[in-house]
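When we follow this note's numbering, the leftmost residue of the sequence shown carries the number 173, and every step to the right adds one. Cβ atoms here follow ideal geometry from the backbone N, Cα and C, with glycine treated the same way.
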Amino acid sequence: MSNILETSVVWRLVCLFWTSWQNSNLRSVFQRFSASAHFSVTGRVLRAIFGCSAAMTVHSRCRRLLSQINLVLWHSGRHLTAALHGSLLYRVYHAVFTAGRESKCLGWLFRSGMTGILLVSVGLYAVLDYFLRDVFAVPVLSSVWDECLMLLALLWVIYRRMFNSRPILSRISPLDPAVFLFVSMGLALLFTAAPFFSIGVSGYRATVQYMLWFFLVTRLLRNDRDFTLLYVTLVTAAFLIALHGIYQFIIAVPIPDKWVANAEGSVRTRVFSIFGSPNIMGDFMVLFAPMAAGLAYWCRNTRAKLLCWFVTFCMGLACLFTMSRAAWGAMAVAVLVFALLVDRRLIALMCIALLVALCIPFVASRLGFLLTPEFQAANNNGGRGSRWDIALGYLALHPVFGFGLGMFGGAVAMQHQIYKWVSYFYVDNYYLKILVEMGWIGFCCYLFLLAALLFNGVRACYRTSREPKETSPLPLCAGMLSGMCGVLFHCYFENIFEEPYMMAYFWTMAAMIVYLGFYRRRPRQTAKTA
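This is the structure:
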């Protein structure tokens, strides 16, 4: 096998490129520029900004208020402990978990308690949604199970604050105000600018509800063990879906004719796994492939490292087989961000992978179609370009407060279609959908939220990078942040967050980044000040 690899044209080209790069003047220029930037005034300013402490939120009035609420709940729980332990519900709960901990198959899950079960359920969100909505299709359960899971998580957070052995400290992160601002702005627009209140409630729920997982997950994560359980569950679920997608490509699963243009003769299928949409499938791989790569960098065991790289490779293949051009671009963005944060050598590897991919017929066909007159005609007649122009025309009618939540561009509007003079369609640009529905006020709040997310994500990466390399979770933090950057890029071409599980996963990962950067106990004796 090694002889075949070493004598192949691709391997020789890679070796030639690597040798040329090692001995090139361009590499020396980059190294000198990097060294000078590190000691420059700009470098020192950036390190001061991203390395600033979280003292402003730690000592905030909001945190003191939440700490007082936690203390009140804890004192209330002291008076209710005896009644709780004597209740039938508690005895059933205790018996189930006692039996579960002794199980050989599920003991690992029950040993983490209810928190572990909730975190695993969040990690398997898309899988559970598929089985409950599409396989079993129980009408009531399929429509409310995610709300029930959210309610159970909320009740468990309150329960822990009431019946813990000692009061739980409140958690406030620098990202909390931005999330709260957007949620509050959406609520204000619901009561002031929604022409049909019931539709506005549905639109508000679709836009905001799954953001609340950010607040719940930040309070569910207790320690590194909980974090690792959730992280591994997410990667494992994505890996199994990737394998299913690769299987669909091998058997050439049938697809609708509208998914492929007539000019793209080399495309025989597009994989979609359990999602029903190649674009969502591709974006799902974009979100989790960097996480698998981060796990590969973080693992110290050689076998575990190789397994993680194999998982990453499978997710990359699954994304490739979706034939989604936007997902390919999003994956390139994710890899670039990950390379800048963790290992810049991956940029060269990405360039090589791009050159190899261009030699694949279906990749060349999909990308080449962008340059044809047929694509321009389709884009201007019913494609994204014409739909975006129509959306901007509707924005001009209500530029400040918007068209109303749930009134245009998404699933809620497609279900109701109130106005006869409005053309209803999926606008295929989540930012434009927010802009039309919530106006410039809501859109500016959303941009502020995303800016705060990215800024604090980089802060979290910087703070974790100050820990010793042997224990630093920087690759894990960077893997999540880079996947989220790829998703934000893809949102310009698709309504990605119209899918509840995509928004739930996105804000769950935001909570995990906040945990690593601001809540995790760092080794004091060796960590540098950040």
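Neighbourhood of residue i by C-beta, 8 Å cutoff - its chain only, sequence neighbours within 5 removed
i	result
residue 697	With a pLDDT of only 42 at residue 697, under the threshold of 50, the placement of this residue in the model should not be trusted; the figure read from the coordinates follows. Closer than 8 Å at the Cβ level, and outside the excluded window around residue 697, lies no residue.
residue 599	559, 560, 563, 580, 581, 582, 605, 608, 667
residue 429	none
residue 174	Legend: pLDDT at residue 174 = 49, less than 50; position of this residue unreliable, value from coordinates given subsequently. If we look at residue 174 and ignore the five residues flanking it on each side, it has no Cβ neighbours.
residue 569	575
residue 586	596, 597, 598
Backbone CA spacing between residue i and residue j [nearest angstrom]
i	j	result
residue 670	residue 643	37 Å
residue 366	residue 405	39 Å
residue 313	residue 674	20 Å
residue 344	residue 364	29 Å
residue 293	residue 300	8 Å
residue 355	residue 274	43 Å
residue 513	residue 499	21 Å
residue 378	residue 261	33 Å
residue 239	residue 342	5 Å
residue 495	residue 283	42 Å
residue 266	residue 295	24 Å
residue 470	residue 393	20 Å
residue 700	residue 245	Any reading at residue 700 must be qualified, since the residue scores a pLDDT of 41, below 50, and its modelled position is unreliable; no value is offered.
residue 352	residue 297	24 Å
residue 544	residue 191	38 Å
residue 692	residue 389	14 Å
residue 302	residue 602	23 Å
residue 453	residue 442	10 Å
residue 399	residue 433	44 Å
residue 336	residue 247	10 Å
residue 476	residue 271	31 Å
residue 321	residue 391	15 Å
residue 387	residue 577	23 Å
residue 255	residue 278	30 Å
residue 690	residue 683	10 Å
residue 450	residue 431	9 Å
residue 396	residue 416	30 Å
residue 588	residue 401	41 Å
residue 593	residue 526	45 Å
residue 369	residue 257	44 Å
residue 269	residue 628	37 Å
residue 619	residue 264	47 Å
Cβ pair residue i, residue j closer than 8 Å
i	j	result
residue 460	residue 487	yes
residue 636	residue 385	no
residue 584	residue 448	no
residue 660	residue 685	no
residue 490	residue 606	no
residue 534	residue 595	no
residue 333	residue 473	no
residue 440	residue 414	no
residue 330	residue 590	no
residue 290	residue 317	no
residue 573	residue 611	yes
residue 657	residue 505	yes
residue 529	residue 347	no
residue 621	residue 350	yes
residue 614	residue 361	yes
residue 373	residue 655	no
residue 421	residue 493	yes
Any C-beta of chain D under 8 Å from that of residue i
i	result
residue 482	Annotation note: the requested chain D is absent from the structure, which comprises a single protein chain.
Residues of its chain near residue i, where Cβ-Cβ distance is below 7 Å and the 5 sequence neighbours each way are ignored
i	result
residue 407	460, 463, 464, 467, 483
residue 382	672, 675, 676, 679
residue 597	559
residue 518	507, 510, 511
residue 481	468
residue 567	607, 608
residue 617	353, 354, 357
residue 339	242, 243, 246
Beta-carbon contacts of residue i that lie in its chain and below 6 Å, excluding the five residues immediately before and after
i	result
residue 688	632, 636, 645, 649
residue 551	557
residue 411	483
Give, in chain order, every unbroken run of the beta strand (DSSP E) that is at least 3 residues long and sits entirely within the segment 279 to 354.
none
Would you list, in sequence order, the uninterrupted alpha helix (DSSP H) runs of no fewer than 4 residues that lie entirely inside the segment 362 to 411?
Considered as a whole, the segment 362 to 411 harbours 369 to 380, 385 to 392 as its complete alpha helix (DSSP H) runs of no fewer than 4 residues, in chain order.
Give the list of continuous alpha helix (DSSP H) stretches no shorter than 4 residues that lie fully inside the segment 475 to 526.
497 to 513
Enumerated in chain order, which unbroken segments of the alpha helix (DSSP H) with a length of 4 residues or greater are wholly contained in the segment 614 to 674?
646 to 662
Can you check the segment 420 to 465 for any alpha helix (DSSP H) of at least 4 residues that lies completely inside it and give the ranges in chain order?
none
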